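Residue numbers (my numbering), protein chains in the order written: chain A, 14 to 280; chain B, 5 to 408. Below: one structure, written as structure tokens.
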């Protein structure tokens with residue numbers, strides 16, 4: 014385990030601080046790269062950014078996404094079937110960041126990063142203008158090479174915190190994360206839920222006790238009302254499956270409208 | 005001096021660890037702590053031993069196979085008969101251990117993945133025995149080729165969920181079981197069926213199976229007055245192989261061989277020879293060898309044997325391969341089926357197709373060793389479940405035979 018993250022200015026952290034100073038929270042929107050194809054995924058990311066999404070979480074399609082529910086699994090499988098290759102993700106980040114002024118974090122399972130080479134992945138992501146990584150199956154305990162590479166490149170590294178995490182583990186997530194800590198709202202996988210568990214409020218409160226400057230809540234959020242509710246106590250609300258479904262059903266215009274609808278929860 | 009036998013994870017050399025969502029860490033910590041207490045607790049061990057004696061049918065015997073051995077260069081071939089265990093394979097050893105542990109943890113629901121169905125059947129059996137709820141995830145492809153085992157699990161009261169995502173085989177069944185576990189961890193124990201997955205599964209599953217090698221070591225010594233020259237076991241995830249290897253890890257004169265499923269051939273695209281053809285990566289919570297493309301996407305494996313049709317392998321095997329303590333060699337579908345036929349017709353023992361890979365390997369080892377050689381084979385399972393597959397392979401089904 015390396016020591017506390019060096020003081021590196023985080024683009025996402027800065028944005029969250031500014032939003033909070035302005036009395037509002039942030040909307041984080043997830044879409045998979047390459048779904049349904051690379052060009053459309055870029056258009057979709059731009060569309061949600063233009064419709065109120067503050068931070069883009071771009072998913073890297075992976076063959077074994079254990080943290081994802083049916084909607085995202087189906088989309089990422091489609092992306093792979095349609096020819097998504099890992100190197101495409103850097104093109105997608107570069108295109109998105111050249112067109113809209115929003116930070117782009119990659120949400121990626123760890124094996125693709127390991128196979129690409131952790132250092133090389135970090136350098137290429139930084140060169141493409143990416144903000145960092147959210148790593149759903151990488152806990153800080155196993156993250157040595159990525160901690161070093163993210164310090165080297167100044168990329169954000171977002172670790173997860175779960176309702177089941179001990180105080181010590183929350184402290185570790187907080188200490189090792191840069192940008193924000195991803196508070197998993199419920200014990201489960203991604204997918205819309207009718208009510209976001211009270212566990213989320215309690216988890217964010219525990220994260221604050223553990224010293225978290227920024228905590229965003231994800232998993233299960235799908236409506237503007239839920240976004241509003243989460244932003245009462247968290248710095249950001251992360252929406253994934255609902256946007257992916259909107260893209261699958263209504264294409265780029267559909268996902269743009271869905272983002273605008275969610276963004277009503279920001280005011 | 006450090007004994008290889010003493011390795012207990014979380015890392016085996018560079019392999020193992022816990023590459024899982026944070027949501028599972030607390031459950032893994034809880035399991036690890038409970039297991040560490042249990043392994044030192046005479047009461048737990050006594051309870052498990054008693055179950056093995058009165059329910060599993062342990063110790064399993066060893067059987068010498070002289071007629072089969074005539075095809076193996078005249079070397080002595082000794083079979084460790086895990087096929088005679090209750091439920092028909094070695095899988096019950098681990099299942100009873102973990103089910104007892106789950107009971108200690110107050111969990112009321114067991115979930116499991118299964119490939120060939122042997123582990124699912126064993127888990128469903130333990131759930132019935134202990135009065136627990138049981139859900140088994142099984143790739144849709146496997147539910148079709150192992151329909152009889154699906155029926156067995158349902159008869160035992162388990163819910164079998166065909167997994168329709170990804171390649172619809174064992175690896176996807178594990179993904180689905182992990183998703184279930186993340187959501188239901190407070191009531192549910194994930195009874196992982198092989199020496200893979202996040203710590204503590206690789207060490208715990210190995211420990212519950214090491215009785216195979218401990219018994220066999222004594223039995224071979226009693227029968228032959230010496231240790232075997234070589235041990236042969238099939239390797240998918242690698243639980244039966246670790247089980248029989250473990251007691252011999254620090255006997256340098258005993259050569260250890262894991263036989264991987266090479267499907268149509270290790271140099272074709274259709275195989276499951278993970279150590280032979282794969283490279284290190286992360287799959288299902290641990291770092292180990294795996295079959296993957298350049299981007300780190302898991303590749304689909306292929307084997308006539310559903311139980312070996314897995315693109316990963318346990319981290320302890322990856323380590324034993326790297327340090328040269330064990331050798332991992334490919335055996336094709338055709339070679340395995342020939343060994344299946346041979347054992348059936350020379351000894352009257354119908355082996356599981358999985359175990360037939362070890363038998364095929366033993367034939368080659370015996371020919372190398374010659375008449376002085378002694379080869380111990382882990383006959384990890386019986387072939388009743390494979391009768392349809394084998395009958396098709398050998399074209400012995402009557403034209404109008406009703407489908408099983």
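Where a beta carbon is used, it is the ideal one built from N, C-alpha and C, also for glycine. Just so it is clear, the structure is predicted and the values come from calculations on it, not from any experiment.
Euclidean distance between Cα positions of residue i and residue j
i: residue 267 (chain A); j: residue 217 (chain A); result: 31 Å
i: residue 390 (chain B); j: residue 173 (chain B); result: 17 Å
i: residue 110 (chain A); j: residue 45 (chain A); result: 16 Å
i: residue 408 (chain B); j: residue 121 (chain B); result: Since pLDDT at residue 408 (chain B) reaches only 46, below the 50 mark, its modelled position is unreliable, and no value is offered.
i: residue 127 (chain B); j: residue 97 (chain B); result: 10 Å
i: residue 181 (chain B); j: residue 289 (chain B); result: 12 Å
i: residue 179 (chain B); j: residue 125 (chain A); result: 17 Å
i: residue 1 (chain A); j: residue 154 (chain A); result: With chain A represented from 14 up to 280, any question about residue 1 (chain A) goes unanswered, as that position is not in the structure.
i: residue 114 (chain B); j: residue 159 (chain B); result: 16 Å
i: residue 193 (chain B); j: residue 110 (chain B); result: 9 Å
i: residue 355 (chain B); j: residue 211 (chain A); result: 53 Å
i: residue 300 (chain B); j: residue 201 (chain A); result: 25 Å
i: residue 259 (chain B); j: residue 332 (chain B); result: 11 Å
i: residue 330 (chain B); j: residue 324 (chain B); result: 5 Å
i: residue 16 (chain B); j: residue 292 (chain B); result: 9 Å
i: residue 272 (chain B); j: residue 247 (chain A); result: 52 Å
i: residue 173 (chain A); j: residue 193 (chain A); result: 9 Å
i: residue 14 (chain A); j: residue 203 (chain B); result: With a pLDDT of 45 at residue 14 (chain A), under the threshold of 50, the predicted position of this residue should be treated as unreliable, though the coordinate-derived value follows. In a straight line, the C-alpha of residue 14 (chain A) is about 18 Å away from that of residue 203 (chain B).
i: residue 153 (chain B); j: residue 48 (chain B); result: 30 Å
i: residue 388 (chain B); j: residue 146 (chain B); result: 16 Å
i: residue 86 (chain A); j: residue 78 (chain A); result: 7 Å
Short Cβ contact (7 Å threshold) for residue i with residue j
i: residue 68 (chain A); j: residue 92 (chain A); result: no
i: residue 142 (chain B); j: residue 164 (chain B); result: yes
i: residue 139 (chain A); j: residue 121 (chain A); result: no
i: residue 108 (chain B); j: residue 38 (chain B); result: yes
i: residue 240 (chain A); j: residue 250 (chain A); result: yes
i: residue 358 (chain B); j: residue 309 (chain B); result: yes
i: residue 146 (chain A); j: residue 170 (chain A); result: yes
i: residue 205 (chain A); j: residue 230 (chain A); result: no
i: residue 41 (chain A); j: residue 144 (chain A); result: no
i: residue 307 (chain B); j: residue 86 (chain B); result: no
i: residue 103 (chain B); j: residue 130 (chain B); result: yes
Continuous alpha helix (DSSP H) stretch holding residue i: start and end
i: residue 146 (chain B); result: 144-149
i: residue 334 (chain B); result: Careful: residue 334 (chain B) lies outside any alpha helix (DSSP H), inside the beta strand (DSSP E) at 330-335.
i: residue 76 (chain B); result: No alpha helix (DSSP H) holds residue 76 (chain B); DSSP gives it neither H nor E.
i: residue 137 (chain A); result: 131-140
i: residue 169 (chain A); result: Not the alpha helix (DSSP H): residue 169 (chain A) falls in the beta strand (DSSP E), residues 169-171.
i: residue 37 (chain B); result: 29-44
i: residue 201 (chain A); result: Counting along the chain, residue 201 (chain A) falls outside any alpha helix (DSSP H), and DSSP gives it neither H nor E.
i: residue 120 (chain A); result: Counting along the chain, residue 120 (chain A) falls outside any alpha helix (DSSP H), though it belongs to the beta strand (DSSP E) covering 117-120.
i: residue 264 (chain A); result: 254-276
Partner residues on chain B for residue i, Cβ-Cβ distance less than 8 Å
i: residue 197 (chain A); result: 25, 26, 27
i: residue 150 (chain A); result: 23, 24, 25, 286, 289
i: residue 155 (chain A); result: 21, 22, 23
i: residue 93 (chain A); result: 301
Delimiting residues of the beta strand (DSSP E) encompassing residue i
i: residue 166 (chain B); result: 163-167
i: residue 237 (chain B); result: 234-239
i: residue 382 (chain B); result: 378-383
i: residue 371 (chain B); result: Segment 357-373 is the alpha helix (DSSP H) holding residue 371 (chain B); no beta strand (DSSP E) there.
i: residue 264 (chain B); result: 259-265
i: residue 230 (chain A); result: 228-231
i: residue 292 (chain B); result: 290-294
Within chain B, the residues that residue i reaches when beta carbons sit closer than 9 Å
i: residue 178 (chain A); result: 26, 27, 29, 30
i: residue 8 (chain A); result: Since the first residue of chain A shown is 14 and the last is 280, residue 8 (chain A) is not available in this structure.
i: residue 137 (chain A); result: Going along chain B, no residue has its Cβ under 9 Å from residue 137 (chain A), so there is no contact; the nearest lies around 13 Å.
Chain-ordered chain A contacts of residue i [CB-CB under 9 Å]
i: residue 187 (chain B); result: 199, 200, 201, 202
i: residue 175 (chain B); result: 76, 77
i: residue 302 (chain B); result: 75, 76, 77, 124
i: residue 223 (chain B); result: Result: empty, since nearest Cβ-Cβ is about 40 Å, beyond 9 Å.
i: residue 169 (chain B); result: 83, 86, 87, 90
Within chain A, the residues that residue i reaches when beta carbons sit closer than 8 Å
i: residue 287 (chain B); result: 77, 124
i: residue 182 (chain B); result: 79
Below-7 Å beta-carbon distance, residue i vs any chain D residue
i: residue 172 (chain B); result: Structure shown: chain D not included; protein chains present are A and B.
Proximal residues of chain A, C-beta to C-beta of residue i below 7 Å
i: residue 299 (chain B); result: 98, 99, 125, 128
i: residue 179 (chain B); result: 77, 79
Are the stretch 195-203 of chain B and the stretch 310-318 of chain B touching by the rule of at least three beta carbon pairs closer than 8 Å? yes
Three or more C-beta pairs closer than 8 Å, one from the stretch 73-88 of chain B and one from the stretch 371-383 of chain B: is that the case here? Touching, yes.
Using 8 Å as the cut-off, can you tell me whether the stretch 92-106 of chain A makes contact with the stretch 43-62 of chain A, which would need three or more C-beta pairs spanning the two stretches below that distance? Between the stretch 92-106 of chain A and the stretch 43-62 of chain A there are three or more inter-stretch CB-CB distances shorter than 8 Å, so the stretches are counted as touching.
Three or more C-beta pairs under 8 Å: does that hold for the stretch 267-277 of chain A against the stretch 98-115 of chain A? No, the stretch 267-277 of chain A does not touch the stretch 98-115 of chain A.
Could you tell me whether the stretch 364-373 of chain B touches the stretch 215-223 of chain B, using the rule of 3 or more Cβ pairs below 8 Å? Segments in contact, no.
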